[in-house]
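Peer 1: Before anything else, here's the structure in question.
Protein chains: 2
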Amino acid sequence: MKVSPLAPAGFPSIPPIAGVRFSTSAAGVRYPGRTDVMLAELAPDTVMAGVFTTSATRSAPVLDCQAKIAGPSTGPAAILVNSGNSNAFTGQAGVEAVESLTARVAEKLGCSKDRVFTSSTGVIGEPLPYDRIEAKLDELASSLDEGGIEPAARAIMTTDTYAKGAFVEVEIGGEPVRIAGIAKGSGMIAPDMATMLVYIFTDALIGQPALQTLVKCQSDLTFNCITVDSDTSTSDTLLMAATGASGVDVTDSVTFNEALHGVMLDLAHQVVRDGEGATKFVTVRVTGARTNADARRVASAIANSPLVKTAIAGEDPNWGRIVMAVGKSGAEADRDRLSIRFGDILVAEQGWVSPGYSEEQGASYMRGEDLTIAVDLGLAGGMATMWTCDLTHAYIDINADYRS
Amino acid sequence: MKVSPLAPAGFPSIPPIAGVRFSTSAAGVRYPGRTDVMLAELAPDTVMAGVFTTSATRSAPVLDCQAKIAGPSTGPAAILVNSGNSNAFTGQAGVEAVESLTARVAEKLGCSKDRVFTSSTGVIGEPLPYDRIEAKLDELASSLDEGGIEPAARAIMTTDTYAKGAFVEVEIGGEPVRIAGIAKGSGMIAPDMATMLVYIFTDALIGQPALQTLVKCQSDLTFNCITVDSDTSTSDTLLMAATGASGVDVTDSVTFNEALHGVMLDLAHQVVRDGEGATKFVTVRVTGARTNADARRVASAIANSPLVKTAIAGEDPNWGRIVMAVGKSGAEADRDRLSIRFGDILVAEQGWVSPGYSEEQGASYMRGEDLTIAVDLGLAGGMATMWTCDLTHAYIDINADYRS
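Protein sequence lines correspond, in order, to chains A and B. Under this note's numbering, the residues of the first sequence are numbered -16 to 387, in order. Under this note's numbering, the residues of the second sequence are numbered -16 to 387, in order.
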């Protein structure tokens, strides 16, 4: 698999987060010759928060995490993730796999089973061969390393073309606080159903309800604003662990909130930049809507439209398709108040193409790699931004291949 | 453009509908060397009904038709359609084009301007060169022919790969009644934004409110149940004309309603079979939902999922993606009550793959050209059916080409 042309230069340099250690192993769940399991050990009293897919057919590990996430924060905790098999739509066998894995990890690390969170990503509907993972737990427990975040990011990849990481250090009350995150995801893919998994670690000190609120709020502004192909997975999971090891209380800290936003947005953009077959990174910005919800409807209709996305792939400044997407979105819109911009170029206004616009300008802009489509509805103050990528032949190649 | 592999053997044989005459002309709106305007003249007192796109950015001709459709049914009427330019997002110039065209047609045919209905299909946002059409009105008016429905179906094509027609004759109270229809549409396409246009003609006698109710109801069961790419056009229009020339009153006739359903479903399926790049015709049938609306949510999520559609293109019986689409649909679903069938083959039930299912069975089924995906949610009696096609490289080829 060729690395996405939109990939960042490399994995960022991420120093240790006090209270977090990682290990990885090649358990052979599905992929031969590569690591496919990662374990993160979290210091005693680490506070956990999380957001999860709203799919009605979500996987056994997701259901288990959801049940545990708001539980007590006493004692050590752990996150175990495998790639290659999503343990979704696997009936009672899926539940048994999660039960067994969490019990065995708890035993190895000396923590409560209720503090072991698992994720699985890969093919749907096949039993998870969890004995292969359990056979590697001794190796995983004995090789934990606070510098192991990059190998961890690699072990959770399915059809991602690069490992995704982000890091920031901020000062709060004169003390440094670190936030590091890793993510995987690039759409959905044969042979596997790839899904989005995100793990964020901080040494900040914060209570569970406050952390959960932050994580939920920032997810809505970051991961819930990206789309590759409009298809929602059965396994999407974001877990955040705050070890408290820095001793810095970040409750109500605007600096921390903004830093967390930055890390999450960075990872979210990296997922889009690894979108299956992507060659363009596209920001869709909608303003002037009657409400924020209406703005989001319009942004989503544009960002998910196969016709808009194929036009972008063809470097065609086809603003007629933007008009089409606005029209079908269900949001209040008035043709004669609508304006459309490609970057800074005013393309359409007052119900028609702008007098100053030339097709050459638009075509030249579309040849860029990072594009912004801005729509102003001219009605009120509602706004929303979404990020997406183009729809190319490579998406069809990746997804129309037979699984086996 | 190669004819779709899913095309019917040929245009059906359609006898005249008493009270309707057609003519066509090559006005050079956009396409050189082909007919691009059709005129249908309708006998005095023809009753008109119609359904239209709900797009917030709908075109000038659509807005004009909507304003006129429920008006008085006295005097002759006419339908004028051009391909090559949709007269959408053309501001005040678009309104002027419709005003001028309808006035000139009314003059030529001796009818009220309020009884002239126009449609335009093609590129968005460019002024309609309506002088070119007006220059052909004498030719159009003098060549009207009751046998001209097939050339009419050809003149309204944009990127359709075949002309679409359907016909039925039924007996009501011992008297024959005819219904004939033509349609165009195959998705959206560069250089043009293709849209769906449908014209249905009958010699039945029926009042406007009754006809409007029938047309609306049957649209919901036919044209509103198909999807090629989930993108809704700014010009979708269905017009039905009942000339009354047979003298047979069909008000409240179940036979007529069923016959109309048949013609509309036939045309709707022909649009899907000409879906851009389509190689498979797919019926998505959902039963057992909590409500009909929930069933439609699930059917729509499956029929519009790029991952389901690329799997079908790859002849991959990837039922995991069906599970994914059910999960994301927003409808009530219970993983353990869900069952999935490919044709008659039970694939998944009780939260997992069916014990009797073999991948070879599924793979063999998917090699067919007409496929049925059936999902039973096992909750209550809600049901819905939608029709779609696969998503192939040809869709990208057609839509990622630069317009000019």
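Cβ atoms here follow ideal geometry from the backbone N, Cα and C, with glycine treated the same way.
Could you please give the first and the last residue of the uninterrupted beta strand (DSSP E) stretch that includes GLY245 (chain A)?
Peer 2: As a first step, residue 245 (chain A) is located in the first sequence; it is residue number 262 there, counting from the start. It is not in any beta strand (DSSP E) - GLY245 (chain A) instead sits in the alpha helix (DSSP H) that spans 237 to 256.
Peer 1: Give me the chain A residues within the contact set of THR73 (chain B), using Cβ-Cβ distance strictly less than 8 Å, ordered along the chain.
Peer 2: Start at 1 with the first residue of the second sequence, and residue 73 (chain B) comes out as number 90. In chain order: GLY334, TRP335.
Peer 1: So does the region 191 to 202 of chain A actually touch the region 115 to 125 of chain A, counting three or more Cβ pairs closer than 8 Å?
Peer 2: These segments do not touch.
Peer 1: Would you please verify whether the beta carbon of MET307 (chain A) is less than 8 Å from any beta carbon of chain B?
Peer 2: To locate residue 307 (chain A), count along the first sequence from 1; it is residue 324. At least one chain B Cβ lies under 8 Å of MET307 (chain A).
Peer 1: Can you tell me which of the three DSSP states SER(-13) (chain A) falls into?
Peer 2: Sequence index remark: in the first sequence, residue -13 (chain A) carries index 4 (1-based). SER(-13) (chain A) falls in the coil class under three-state DSSP.
Peer 1: Count the CB pairs spanning the region 104 to 114 of chain B and the region 246 to 259 of chain B that are closer than 8 Å, and state whether there are at least three.
Peer 2: No: fewer than three Cβ pairs fall under 8 Å.
Peer 1: Closest by CA to PRO300 (chain A), which one among A:VAL78, A:SER8, A:PHE325, A:GLN75?
Peer 2: The residue labelled residue 300 (chain A) in the question sits at position 317 within the first sequence. PRO300 (chain A) has its Cα closest to that of A:PHE325, out of A:VAL78, A:SER8, A:PHE325, A:GLN75.
Peer 1: What does ASN382 (chain A) touch in chain B if you count any residue whose Cβ is under 8 Å from its own?
Peer 2: Position 399 of the first sequence holds residue 382 (chain A). In chain order: PRO289, LEU290, THR293, ALA294, GLY297.
Peer 1: DSSP three-state call for ARG268 (chain A): helix, strand or coil?
Peer 2: As a position in the first sequence, residue 268 (chain A) is number 285, starting the count at 1. DSSP places ARG268 (chain A) in strand when its eight states are reduced to three.
Peer 1: Whose Cβ in chain A lies nearer than 9 Å to the Cβ of THR375 (chain B)?
Peer 2: In the second sequence, counting from the first residue as 1, residue 375 (chain B) sits at position 392. Those are ILE379, ALA383, listed as they occur along chain A.
Peer 1: Tell me whether ALA166 (chain A) sits in a helix, a strand or coil according to DSSP, three-state version.
Peer 2: The residue labelled residue 166 (chain A) in the question sits at position 183 within the first sequence. Strand.
Peer 1: For THR368 (chain B), which residues from the same chain have a beta carbon less than 8 Å from its beta carbon, with the 5 sequence-adjacent residues on both sides left out?
Peer 2: Position 385 of the second sequence, counting from 1, holds the residue named residue 368 (chain B). Within the same chain, THR368 (chain B) has close Cβ partners CYS208, THR266, VAL267, ARG268, VAL269, ALA282.
Peer 1: How many Å lie between ASP175 (chain A) and ARG98 (chain A) at the Cα?
Peer 2: Stepping through the first sequence from its first residue, residue 175 (chain A) is reached at position 192. Stepping through the first sequence from its first residue, residue 98 (chain A) is reached at position 115. Because ASP175 (chain A) carries a pLDDT of 35, less than 50, the predicted location of this residue cannot be relied on, and no value is offered for it.
Peer 1: Counting Cβ pairs closer than 8 Å, one from the region 245 to 252 of chain A and one from the region 354 to 365 of chain A, do we hit at least three?
Peer 2: no
Peer 1: Jot down the residue ranges of each uninterrupted alpha helix (DSSP H) in the region 305 to 349 of chain A, minimum 4 residues, whole runs only, in chain order.
Peer 2: 342 to 349
Peer 1: Which word fits VAL30 (chain B), buried or exposed, when buried means at least 16 other C-beta atoms lie within 10 angstroms of its C-beta?
Peer 2: Here residue 30 (chain B) refers to the residue found at position 47 of the second sequence. Buried, since its Cβ has 16 or more Cβ neighbours within 10 Å.
Peer 1: Is the distance from the Cβ of ILE162 (chain B) to the Cβ of LEU222 (chain B) below 8 Å?
Peer 2: Residue numbering aside, residue 162 (chain B) sits at position 179 when the second sequence is read from its first letter. Residue numbering aside, residue 222 (chain B) sits at position 239 when the second sequence is read from its first letter. No, the pair does not count as a contact, with Cβ atoms beyond the cut-off.
Peer 1: By the criterion of Cβ-Cβ separation under 9 Å, what are the contact partners of GLY339 (chain B) in chain A?
Peer 2: As a first step, residue 339 (chain B) must be located in the second sequence, where it is residue number 356. Residues of chain A passing the Cβ test: none, with the nearest at roughly 15 Å.
Peer 1: Show which residues of chain A have a CB atom less than 9 Å away from the CB atom of VAL106 (chain B).
Peer 2: For the purposes of this step, residue 106 (chain B) is taken as the residue at position 123 of the second sequence. Within chain A, the residues near VAL106 (chain B) are GLY303.
Peer 1: Output the boundary residues of the beta strand (DSSP E) element that contains ARG4 (chain B).
Peer 2: The count along the second sequence starts at 1 and reaches residue 4 (chain B) at position 21. Here the beta strand (DSSP E) through ARG4 (chain B) covers 3 to 8.
Peer 1: With 16 other CB atoms within 10 Å as the buried threshold, where does GLN75 (chain B) fall?
Peer 2: In the second sequence, residue 75 (chain B) corresponds to position 92, counting from 1. The residue in question, GLN75 (chain B), is exposed, as its Cβ has fewer than 16 Cβ neighbours within 10 Å.
Peer 1: Skipping 5 residues on each side, what residues in its chain have a beta carbon closer than 7 Å to that of ASP277 (chain B)?
Peer 2: The residue labelled residue 277 (chain B) in the question sits at position 294 within the second sequence. ALA314, GLU315, GLY365.
Peer 1: Measure the CB-CB distance between ALA32 (chain B) and VAL3 (chain B) and report whether it falls below 8 Å.
Peer 2: The residue labelled residue 32 (chain B) in the question sits at position 49 within the second sequence. The residue labelled residue 3 (chain B) in the question sits at position 20 within the second sequence. Not in contact: ALA32 (chain B) and VAL3 (chain B) (Cβ atoms no closer than 8 Å).
Peer 1: Determine which residues share a DSSP beta bridge with ASN65 (chain B) and list them.
Peer 2: What you label residue 65 (chain B) is simply residue 82 of the second sequence in a count that begins at 1. Per DSSP, B:VAL20, B:SER103.
Peer 1: Using a Cβ cut-off of 8 Å (strictly closer), state whether ARG17 (chain B) contacts chain A.
Peer 2: In the second sequence, the residue the question calls residue 17 (chain B) occupies position 34. By this cut-off, ARG17 (chain B) is not an interface position.
Peer 1: On the three-pair Cβ rule with 8 Å, is the region 8 to 26 of chain A touching the region 59 to 76 of chain A?
Peer 2: yes
Peer 1: Can you have a look at ILE172 (chain B) and say buried or exposed, based on whether 16 or more other CB atoms are within 10 angstroms of its CB?
Peer 2: Counting from 1 along the second sequence, the entry for residue 172 (chain B) is found at position 189. Residue placement at ILE172 (chain B) is flagged as unreliable, the pLDDT there being 30, under the threshold of 50; the coordinate-derived value follows with that caveat. Under this definition ILE172 (chain B) is a buried residue.
Peer 1: Over what stretch of residues does the beta strand (DSSP E) that includes CYS372 (chain A) continue unbroken?
Peer 2: Taking the first sequence and counting its residues from 1, one reaches residue 372 (chain A) at position 389. Run containing CYS372 (chain A): 365 to 372, per the beta strand (DSSP E) assignment.
Peer 1: From the beta carbon of ALA177 (chain A), is the nearest beta carbon of chain B less than 8 Å away?
Peer 2: Here residue 177 (chain A) corresponds to residue number 194 of the first sequence, with the count starting at 1. In this predicted model, ALA177 (chain A) has a pLDDT of only 44, less than 50, meaning its place in the structure is not dependable enough to derive any value.
Peer 1: Using a beta-carbon distance below 8 Å, is ARG318 (chain B) in contact with chain A?
Peer 2: Residue numbering aside, residue 318 (chain B) sits at position 335 when the second sequence is read from its first letter. So, interface residue.
Peer 1: Considering just the uninterrupted stretch of the beta strand (DSSP E) at ALA357 (chain A), what are its terminal residues?
Peer 2: What you label residue 357 (chain A) is simply residue 374 of the first sequence in a count that begins at 1. Unbroken beta strand (DSSP E) run through ALA357 (chain A): 353 to 359.
Peer 1: Assuming SER42 (chain B) and ALA71 (chain B) make a contact with CB atoms under 8 Å, what is their CB distance in whole Å?
Peer 2: Your numbering for residue 42 (chain B) matches position 59 in the second sequence. Your numbering for residue 71 (chain B) matches position 88 in the second sequence. Their Cβ separation, rounded to whole angstroms, is 3 Å, which keeps SER42 (chain B) and ALA71 (chain B) in contact under 8 Å.
Peer 1: Could you give the DSSP three-state label for THR185 (chain B): helix, strand or coil?
Peer 2: Here residue 185 (chain B) refers to the residue found at position 202 of the second sequence. Correct three-state label for THR185 (chain B): strand.
Peer 1: Quick check on GLY260 (chain B): buried or exposed, where buried means 16 or more other Cβ atoms within 10 Å of its Cβ?
Peer 2: Walking along the second sequence from the start, residue 260 (chain B) turns up at place 277. GLY260 (chain B) should be labelled buried.
Peer 1: Using 8 Å as the limit for Cβ to Cβ distance, is ALA193 (chain B) near chain A?
Peer 2: Here residue 193 (chain B) corresponds to residue number 210 of the second sequence, with the count starting at 1. Closer than 8 Å: no.
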